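Chains as they are written, first to last, in the numbering used here: chain A, 1 to 339; chain B, 340 to 678; chain C, 679 to 1017; chain D, 1018 to 1356.
Heads up, the beta-carbon is just placed ideally off N, CA and C, and yes, glycines get one too.
A quick note: this is a predicted structure, and the numbers were derived from the prediction, not measured.
A quick write-up on the structure given underneath.
Listed below in structure tokens is the structure:
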């Protein structure tokens, strides 16, 4: 059960209301987000919602049968929107596009990709400066100085930045230069990191674990939300299966299931989802048709020369062609006879 | 290496040519299909293709580096077409639709579904009469008598029939009443069954195994083709993974990969691929957008009352709505600016 | 519910008893095996077992909550024993050893391995004559003539034969020369084959599917048993997972779980279970310690020259060493203080 | 290639030697551990090892073809030993036992388990105070105060402590009270945490990821080792597969493979590996027989009342019985005829 409390209510009044809920046999977790104040209540007893609704300061009450609560669509029916300013909104029914290199490499690279984004009206750029790599002997990213350079160039063109955070310590250093913090697949159940990101006033994109279940993904999202951050979106990026003909197996089923289970926007990552460059566009389109709110894909002026993920990175012509196809399908889906 | 031999050539002449190929260090498997006569040659030695091309009766020669040969797109670049007569063709660039119940239940059921198919211009009907079931104590299908009834009703409306064959013994009994033999996921590596289906002059739809790799699927297809049957198509129907939020995990990646690897048509089964009725349509659309040559899905007048698979079977309204959406996306894809 | 009926009872009397059970709301499947006559009853109604026990000809009654019935240990508490004559018994508490080559190749090969078996007091020999192979272009076994030769040599030394049957047609041809029919992993859900093997009066070893669940394996076994064959044993041979450092992942957990769920003997196949020769012995020992009733492993005089599975086949010295270790651990387990 | 450098060598001398190695076309990573100073060299060029061996300060040189280097057994042939003082050594050929509750709950619980350990001569106790939990609404452990209490009681009896660290911040706070830092399955690729643990002078037990490959586990270990910590051991704790009859699938194959690939001790966790209490002992024994250097399992006075993992926790009698069986099998393995 989720009980929304009036933010204006005084602390003693809030405690009085919570006390009454607890008396009904519930345990209560208080959650204060950027937008509201909630009590997440767990308990088995039957309860008359009208009684709770009548308590001082209670704005609304929802029973949520899922074990995750605040991210459940049983509570919030409309998809949550994430507003990045300047009419850049994720989750508003249009297909949001995020593109950029696997890793930030140097100024020329960033500038050329920013140019591609501007030309194609893409508003959000991806690019890693802290790279999780299986081996300690490989390039681990340009770090905070790379991020500052990345930010400087993007800012000149109004491009928003999403980049991966690997460690609590990095959050504060990165904060000024980041529009969306990305949690990578390997940190999908790094609960300490999730907790602290819940206290940050910037949007978070949470990737599904390498073999994370849908249920685990939603509970990880609940960590962030229940720590105070509503600006949250999820990302399907392929799972690990027995099949090794591709890097990962893009789980297309996850798209409609997540859209049913949660009000959070769902972004598809076809680059990691299949890992083979020539197939990235059709997997992207499939995800859109299946209901994804947006795409995050890898693009580079010369994919063959990218320092990482060159096998799954589109060049500019491929990226441009993909966007035309996305438009064709979204246009088909917005037609009035499509229902 | 695949060497196509003139079908008119006399047997002694053929043997002479084969002898010369063997002398080059190749082992040779002779394959006679409905359409042509091939020599599939395995060997490591380098060879001058022009020499083989100059041998008596040789029509053409292709080097195929895959370990499957006759189903490889390295040999045949164009997608193979399967002609069922009356302009019903699979693999010709249009989206072929196959719909019908999980199991054939009775005349009324078949008649009502046939009626739905006719109304929606669907030309091929699925429906099982031999049902592979995990438990010996559940309904295993109406058998050959059910098939005859199924055939009688379909024939009146020019509807083609696809139905599963589980056992070599059944082939002859089913032959007259079947347009396409379906090999189910559990028989995907039943090599004896594949071998005999290779000698049958009716098309075969081969489903991917429950956790079959792409490579295994192509080799199973090679069994059928190399036994003599070119009228062959493949079906992606979801794989078994750690995720149990759905019946299977539809492997969308398999669609473009199979389309690249083989010239055989690739059909998507979204019903088994996700196993949840409300998600079947978007998975179907995703598969089409990813390049599938057609769909096979389950439909029933009252899915809730179907004897099997009721959770993944569309009703008539859902089926009709799906077809409209398929048309919207295929139309978008056929637009000249889509490339 | 399983109701055992006196085999001496006349058919009309049996039908009268079954009629009374059906009247209680049960559906009844009659099963006649080599040993007994059973009624497998499905239904939800509560029933007074004493009433059924009082019916004419009823020998005993057991409620079995599993959806498989006749293979459940809830019905039969003691492990079933499979008697191959001459005191060769599987499932009697000792560790049964089956060894032999992947494929029967020629007389010399068989003779040398038989000699190894005789020297090491191994009573059952494996060896494939019909080989399921992913590619149609590879060696598929010596066939029935190979089996006859295999039989001739084994018979001279009292060695029992287990070999794979791939197809219903082969059963009759193989019958005379086979002591145990093996169903391979790819045929684990070939229900037609299982059904016919249920009507054969020879033991069957049923392998788990390549990614078959425990539940599916038990239901496949129920197919055989409920068709009439009680002489049945199961085989864990590794499953398909994301890990490709080995051929398969031997599922050690399956051993104690199967031993709890079913009264059928459980045999471990460490050769396929890990697929790497040097690790085969420790996986074999692990399986024994975990409760397996026996081992089936591959052995060859010169594994490097075996036509198939050479990477997972022990040589004679390795086989002999393994047997000594098996003896050491089984002896430790039979000590009175081990409990 | 791993080049060990004399720790006494002056910095300028070291740099001179490294410079010469780089001139041969190698990139060099310097590693200083508790025990030694190494240069890990990557490069493709062939090299005369004798030349490198002749460089100033070089103690030895090993070519290691694996992409992980310092944890490879190709470099160090003997199993590394981890000495916890008072003759408590892991990796010395005996089976090390670690037992304790899933979570530290209170003084009485710790005291009763410590008593069980003392009675059974177990020297190392597990017990979580920071608990990774899928849901934010469940018990996350007693935290640092719980650890202090845990430490106080263990210290009185000479019991060593292993407990999970989830976050870099916790390391310093925990340091004084911990003998072995455990990295949990969800943090197996938390590279920042691994890096910092590499700079700590306490042993680390690194668990395999939930669906981590053997290769990923070894590379994660390389992170810790190459940051400076040689006191490292690995833990197989079951993997995620399609089978959901158990919590995880214990990967018995991993034991001999890891023992071949790395010189680090390999510990088995049968509690998580199967997750079903009655099967924990046989999985433990299987792991020992397969070559594990030790066990870590969950024990509690009243498993049914444990706050977490009660389904997989042994009671004292079961624990005692397991130890007797471990002794029986290790004794069998140490017999001179066992080889």
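With a Cβ-Cβ cutoff of 8 angstroms, do residue i and residue j count as a contact?
i: residue 1213 of chain D; j: residue 1198 of chain D; result: no
i: residue 217 of chain A; j: residue 234 of chain A; result: yes
i: residue 976 of chain C; j: residue 780 of chain C; result: yes
i: residue 1025 of chain D; j: residue 1055 of chain D; result: no
i: residue 523 of chain B; j: residue 564 of chain B; result: no
i: residue 452 of chain B; j: residue 439 of chain B; result: yes
i: residue 757 of chain C; j: residue 971 of chain C; result: yes
i: residue 1307 of chain D; j: residue 714 of chain C; result: no
Per DSSP, what kind of secondary structure is residue i in: helix, strand or coil?
i: residue 995 of chain C; result: helix
i: residue 1161 of chain D; result: helix
i: residue 1078 of chain C; result: Residue 1078 of chain C falls outside the range modelled here, since chain C spans only 679 to 1017, and no answer is possible.
i: residue 1119 of chain D; result: coil
i: residue 1224 of chain D; result: strand
i: residue 266 of chain A; result: strand
i: residue 1230 of chain D; result: coil
i: residue 409 of chain B; result: coil
i: residue 252 of chain A; result: coil
i: residue 634 of chain B; result: strand
i: residue 273 of chain A; result: helix
i: residue 774 of chain C; result: strand
i: residue 1318 of chain D; result: coil
i: residue 796 of chain C; result: helix
i: residue 537 of chain B; result: coil
i: residue 108 of chain A; result: helix
i: residue 868 of chain C; result: coil
i: residue 1306 of chain D; result: helix
Could you tell me the alpha carbon to alpha carbon distance between residue i and residue j, rounded to whole angstroms?
i: residue 1142 of chain D; j: residue 1128 of chain D; result: 11 angstroms
i: residue 1301 of chain D; j: residue 328 of chain A; result: 58 angstroms
i: residue 393 of chain B; j: residue 956 of chain C; result: 50 angstroms
i: residue 906 of chain C; j: residue 1326 of chain D; result: 42 angstroms
i: residue 586 of chain B; j: residue 422 of chain B; result: 33 angstroms
i: residue 454 of chain B; j: residue 65 of chain A; result: 41 angstroms
i: residue 360 of chain B; j: residue 410 of chain B; result: 21 angstroms
i: residue 505 of chain B; j: residue 549 of chain B; result: 15 angstroms
i: residue 1291 of chain D; j: residue 1206 of chain D; result: 22 angstroms
i: residue 515 of chain B; j: residue 1293 of chain D; result: 53 angstroms
i: residue 910 of chain C; j: residue 810 of chain C; result: 22 angstroms
i: residue 765 of chain C; j: residue 1313 of chain D; result: 42 angstroms
When DSSP builds the beta bridges, which residues end up paired with residue i?
i: residue 1182 of chain D; result: In DSSP, residue 1182 of chain D forms no bridge with anything.
i: residue 682 of chain C; result: C/716 and C/738
i: residue 761 of chain C; result: C/767
i: residue 488 of chain B; result: Answer by DSSP bridge pairing: none, since residue 488 of chain B is not bridged.
i: residue 860 of chain C; result: C/842 and C/883
i: residue 1044 of chain D; result: D/1059
i: residue 467 of chain B; result: B/442
i: residue 913 of chain C; result: C/885 and C/945
i: residue 371 of chain B; result: B/376
Does the ligand NAD have even one heavy atom less than 7 angstroms from the beta-carbon of residue i?
i: residue 852 of chain C; result: Looking for the ligand NAD in the displayed structure turns up nothing, as the structure carries no ligands at all.
Exercise. With a cut-off of 8 angstroms, do at least 3 Cβ pairs link the region 366-380 of chain B to the region 703-722 of chain C?
Worked result: No, the region 366-380 of chain B does not touch the region 703-722 of chain C.
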